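2 protein chains.
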Amino acid sequence: MRLNQATDYAFRAVLYLAKLEPGTIAEAQTIASREDIPMRFLLKIMRSLVQAGIVQSYRGISGGFALARPAGEITLLDVVEAVEGPVSINRCLLDPEYCNKHGAPHCPVHRALGSVQAVLRRELERYNFAELAGKS
Amino acid sequence: MRLNQATDYAFRAVLYLAKLEPGTIAEAQTIASREDIPMRFLLKIMRSLVQAGIVQSYRGISGGFALARPAGEITLLDVVEAVEGPVSINRCLLDPEYCNKHGAPHCPVHRALGSVQAVLRRELERYNFAELAGKS
DNA sequence: TATAAACTATACCAAATGAATATACTTTAG
DNA sequence: CTAAAGTATATTCATTTGGTATAGTTTATA
């Protein structure tokens, strides 16, 4: 029941960008050393963030990364889902095939977990990176 | 960000016991086959539940397992923590040693995650097995 | 009081996942 | 045209997960 290391790094990378002047491009090397993240691993994580439309990348010399939208419109949930895929606290909630009770409707535990998960998602959505960067 | 299989099995085992007349002893073999859980694995899981005081075990011939307290006093959180240990959505929240920002106080992300985690725990605590067994 | 049917305790194992690195490639400012 | 940036894929190593195996211990009951 834990977010993985990559997600934690992603939080910090996005927070770092959120603290800069909007639109500022920072290169991976800088983010990596300032936030204490292994460089090559960071690059890999950044690609997930780019694909999710959270971060914009600039290639070539003097390239780097910047937020793709205002920090206030990026939530913890956005970052979690960009890195780890959809939040699902139980396999059954993602793929009913795995439920040997054949789906939540028949299984009170899975119905309860579904509602717990909904609350969890909503809670992760409550925090955006403008707030976290102290810019709200 | 997912509960593991053992926890899912534990939910079902406890739910099975909760549906019986209070105090009824069921043997592992029965629970395993009725709930479709590998027998030896179930036995291992049951020991965590026994240690946590959720289930009582009876050894020897005609032994088995029964709830150690009323189903209404056993929550989803109790079972999760019995099987997986303390809920912590981020390593830093359990062990500040892992936080390269040196603890939640200095790190807005970890402060936010701490509050998300508190909500998650509270939510898991809202469901008890009397309710889930349809006996409330 | 022997015994077989139950749970207990360790230890082990294979597969999946997690965390990170390596190698080769593509883009682009100057 | 070249060096400094990001991209893409594959590989490696360690840990966790999910489960099994082997060897006990307890206890109802014949």
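Residue numbers (my numbering), protein chains in the order written: chain A, 440 to 575; chain B, 440 to 575.
Heads up, the beta-carbon is just placed ideally off N, CA and C, and yes, glycines get one too.
Quick caveat, the model's predicted, so the values are computed rather than measured.
Residue 566 of chain A sits in coil when the DSSP states are folded into three classes, being neither helix nor strand.
If you ignore the 5 residues before and after residue 522 of chain B, its C-beta comes within less than 7 Å of the C-beta of 445, 446, 449, 484, 487, all in its own chain and listed in chain order. Residue pairing by DSSP places residue 504 of chain B opposite B/465, B/496 in a beta bridge. The beta carbon of residue 502 of chain B sits closer than 8 Å to those of 464, 466, 496, all from its chain and outside the five residues before and after it, given in chain order.
Residues of chain A whose Cβ lies closer than 8 Å to the Cβ of residue 450 of chain B are, in chain order, 548. By the Cβ neighbour-count rule, residue 469 of chain A is exposed, with fewer than 16 other Cβ atoms within 10 Å of its own. If you draw a straight line from the Cα of residue 478 of chain B to the Cα of residue 453 of chain B, it comes to about 15 Å.
In this structure, the CA atom of residue 441 of chain A is about 18 Å from the CA atom of residue 547 of chain B. One Cα belongs to residue 492 of chain B, the other to residue 498 of chain A, and the distance between them is close to 58 Å. Comparing alpha-carbon positions, the option among B/564, B/566, B/451 lying closest to residue 476 of chain B turns out to be B/451. If you look at residue 574 of chain B, you'll find it isn't in any alpha helix (DSSP H); DSSP assigns it neither H nor E. The Cβ of residue 528 of chain B sits closer than 7 Å to at least one Cβ of chain A. Between the C-alpha atoms of residue 558 of chain A and residue 567 of chain B there is a straight-line separation of about 17 Å. Pairing residue 505 of chain B with residue 572 of chain B gives a Cβ-Cβ distance that is not under 7 Å. Cβ neighbours of residue 507 of chain B within its own chain (closer than 7 Å, five residues either side excluded): 492, 493, 494, 495. In chain order, 563, 564, 566, 567 place their CB closer than 7 Å to the CB of residue 514 of chain B, counting only its own chain and leaving out the 5 sequence neighbours on each side. By the neighbour-count criterion, in which a residue is buried when 16 or more other Cβ atoms sit within 10 angstroms of its Cβ, residue 556 of chain A is buried.
Contact annotation: residue 526 of chain A and residue 560 of chain A have beta-carbon atoms nearer than 7 Å.
Chain order gives no chain B residues near residue 522 of chain A, where near means a beta carbon separation below 7 Å; the closest approach is about 10 Å. Excluding residues up to 5 positions away in sequence, 467 lie with their Cβ nearer than 7 Å to the Cβ of residue 482 of chain B in the same chain. The contact set of residue 563 of chain B on chain A, defined by CB atoms closer than 7 Å, consists of 555 in chain order. Residue 524 of chain B has its alpha-carbon roughly 36 Å from the corresponding atom of residue 575 of chain A.
By a beta-carbon distance limit of 8 Å, residue 516 of chain B does not contact residue 532 of chain B. Their separation comes to about 16 Å. Each of A/549, A/472, A/512 was checked against the Cα of residue 569 of chain A, and the nearest Cα belongs to A/512.
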